[in-house]
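Here the sequence shown stands for residues 54 to 144, where the numbers follow this note's numbering.
Here's the structure, in structure tokens; my notes come after.
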Amino acid sequence: MDVARRALHPRLPISPGLLDHRWRLPPRLPRKFMANMVNLLPGTLSAELNEKHLRVHVLYQTDAFASELTQIEARVAMLFGLNLVPDGNEE
54 MDVARRALHP RLPISPGLLD HRWRLPPRLP RKFMANMVNL LPGTLSAELN EKHLRVHVLY
114 QTDAFASELT QIEARVAMLF GLNLVPDGNE E
């Protein structure tokens, strides 16, 4: 509802932007899974998935969104039975 309200508002109260989230998940399936989960959040789209980070396009930038991504990453790690690593490159 929030995305629809913003899109239809006469003053278009959006603040779009790109946010880079540095990986702590190991490569391959866990990262792809997280990127797909982010796509399910209202007003977000995984724009780029590379070895170092996930770039997310958001309709409304807030400081809290970065911490939401960190929480999602921790939940994905728990789901896969993984430990998060500082640079995300350890297997």
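All C-beta atoms, glycine included, are put in the ideal place defined by N, C-alpha and C.
Assigned with DSSP and collapsed to three states, T123 falls in helix. Residue nearest to R108 within the set V138, R84, L137 and F133 is R84 (criterion: CA-CA distance). For V138, the secondary structure class from DSSP, reduced to helix, strand or coil, is coil. Around the C-beta of T115, fewer than 16 other C-beta atoms lie within 10 Å, and the residue is accordingly described as exposed. Out of L61, W76 and T123, the CA that lies nearest to the CA of N103 is found in W76. Distance check between V129 and each of L61, F118, V111 and M87 places M87 closest, using alpha-carbon atoms only. Counting the other CB atoms within 10 Å of its CB gives E101 a total below 16, which places it among the exposed residues. Cβ-Cβ distances below 8 Å link P69 to H110, V111, L112, Y113 and Q114 in the same chain, with the five nearest sequence neighbours on each side left out; the list follows chain order.
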